[in-house]
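Heads up, the sequence shown is in the numbering used here, so the first residue is 13 and it goes up one at a time. This report concerns only the one structure given below.
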Amino acid sequence: MIQVVLHSEDKNEDIIQRKNTVYALIPATKPSLRPLLVEPLQTVNNSVTVKWNIDPKNCAKLNGEFLGFFVILYSNNNNQTFEYITKEYYYDSTYNLNSDTDYEIKVYALNDIGYNTEYFLLNNFTTKIIKPVPIIDDLLIYKKSVKNKMLGLRWKYSNVSNIENIEKFNIFVYGTNTTNVIKENNIEPEKCSNWPEFYCYTIKDLDLKNI
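Below you can see the structure in the form of structure tokens.
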């Protein structure tokens with residue numbers, strides 16, 4: 013409503029005011045503001061997390077009923093496009109992306125009219141390479157003693173080029189017909205004295221009847 017009021021002592025003042033009142037409906041338009049990145053993108057292998065916000069000083073530029081955000085994720089490697097609508101102020105791919113891939117993400121403010129293709133948050137990122145799990149070869153129990161409650165293990169590590177980067181081996185012992193771990197040891201790499209190409213370790217205080 014737009015009103016121009018004439019101040020007058022005339023007894024017909026109310027009539028004058030009504031005659032100078034115009035009712036106008038201002039149509040809603042698409043948002044004219046872009047979301048702002050809150051913190052740097054977080055990428056972990058085949059996952060990314062993007063967080064954003066809206067400048068509270070520019071809320072009037074939403075230009076209608078605010079419905080959330082329209083997210084477009086584009087893969088530069090295979091030209092795939094993924095579209096999402098969310099009311100959250102972040103996007104988490106939850107490990108649905110491909111590793112070692114270039115992506116482009118756009119975030120638009122969305123109202124009841126739609127989103128404005130001229131106002132958006134834009135970011136490019138590359139998912140990390142998933143390193144293969146090192147392979148343990150030729151695992152063997154080379155000695156066993158029920159009386160002394162011990163097992164002697166030996167094994168090979170196939171990735172010769174990465175030997176210097178080995179920090180430790182994790183050894184898990186499981187019970188019979190169960191997934192429960194009954195013994196766990198984290199050990200530093202140590203080659204066998206009798207077999208230089210193997211690593212060795214002796215597990216002690218072990219109830220062999222439950223294995």
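From the three backbone atoms N, C-alpha and C, an ideal C-beta is built for every residue, glycine too.
Can you give me the Cβ contacts of residue i inside the same chain, cut-off strictly under 7 Å, excluding the 5 residues immediately before and after it?
i: Glu200; result: Lys180
i: Asp77; result: One detail in the question is off: residue 77 reads as Glu in this sequence, not Asp. Contacts found: Asn123 and Asp124.
i: Lys195; result: Val185, Ile215 and Leu218
i: Asp104; result: Thr61
Could you check what DSSP says for residue i in three-state terms: helix, strand or coil?
i: Ala121; result: strand
i: Asn70; result: helix
i: Leu218; result: coil
i: Gln92; result: coil
i: Trp64; result: strand
i: Lys111; result: Inspection of the sequence shows that residue 111 is occupied by Ser rather than by Lys. Note: Ser111 maps to coil in three-state DSSP.
i: Thr138; result: strand
i: Gly76; result: coil
i: Trp167; result: strand
i: Ile148; result: strand
i: Leu45; result: coil
i: Ser157; result: strand
i: Ile14; result: Because Ile14 carries a pLDDT of 49, less than 50, the predicted location of this residue cannot be relied on, and the following value inherits that uncertainty. Reduced to three states, the DSSP call for Ile14 is strand.
Under the DSSP definition of a beta bridge, which residues are partnered with residue i?
i: Val185; result: Lys195
i: Phe81; result: Thr98 and Ala121
i: Val56; result: Ser59
i: Glu202; result: DSSP output for Glu202 lists no bridge partner at all.
i: Glu130; result: DSSP output for Glu130 lists no bridge partner at all.
i: Ile178; result: Note: Ile178 sits in no beta bridge, so no partner.
i: Ser87; result: Tyr115
Going by beta carbon distance, what residues of the same chain come within less than 8 Å of residue i, once the five residues before and after it are set aside?
i: Lys168; result: Ile148, Asp149, Asp150, Glu209, Phe210 and Tyr211
i: Ile153; result: Leu163, Gly164 and Leu165
i: Glu142; result: Contrary to the premise, residue 142 reads as Ile rather than Glu in this sequence. Around Ile142: Asn57, Asn58, Ser111 and Asp112.
i: Glu51; result: Lys63
i: Val193; result: Phe184, Val185 and Tyr186
i: Ala40; result: Asn75, Gly76, Glu77, Asn123, Asp124 and Ile125
Relative to the alpha-carbon of residue i, which residue among the options has its alpha-carbon at the smallest distance?
i: Leu45; options: Leu53, Thr214, Val185 and Asn65; result: Asn65
i: Asn108; options: Tyr101, Glu51, Tyr120 and Phe94; result: Phe94
i: Asn70; options: Asp112, Ile97 and Tyr131; result: Tyr131
i: Tyr80; options: Thr55, Asn58, Ser205 and Pro47; result: Strictly speaking, residue 80 in this sequence is Gly, with Tyr absent from that position. Cα-wise, what sits closest to Gly80 is Pro47.
i: Tyr86; options: Ile178, Asn206, Lys161 and Thr139; result: Thr139
i: Thr98; options: Leu53, Gln54, Lys118 and Ser170; result: Lys118
i: Asn90; options: Glu116, Leu53 and Asn75; result: Glu116
Leaving out five residues on either side along the sequence, give the residues of the same chain with a beta carbon under 6 Å from the beta carbon of residue i.
i: Leu220; result: Val158
i: Ile183; result: Asn197
i: Tyr96; result: Val83
i: Asn88; result: Asp114
i: Tyr102; result: Lys63
i: Gly126; result: Lys42
i: Asn136; result: Glu116
i: Tyr120; result: Phe82, Tyr127 and Phe132
Hey, would you say the C-beta of residue i is under 7 Å away from at least one heavy atom of the ligand HEM?
i: Asn57; result: Summarising the ligand content, the structure contains no ligands, and the ligand HEM is consequently not present.
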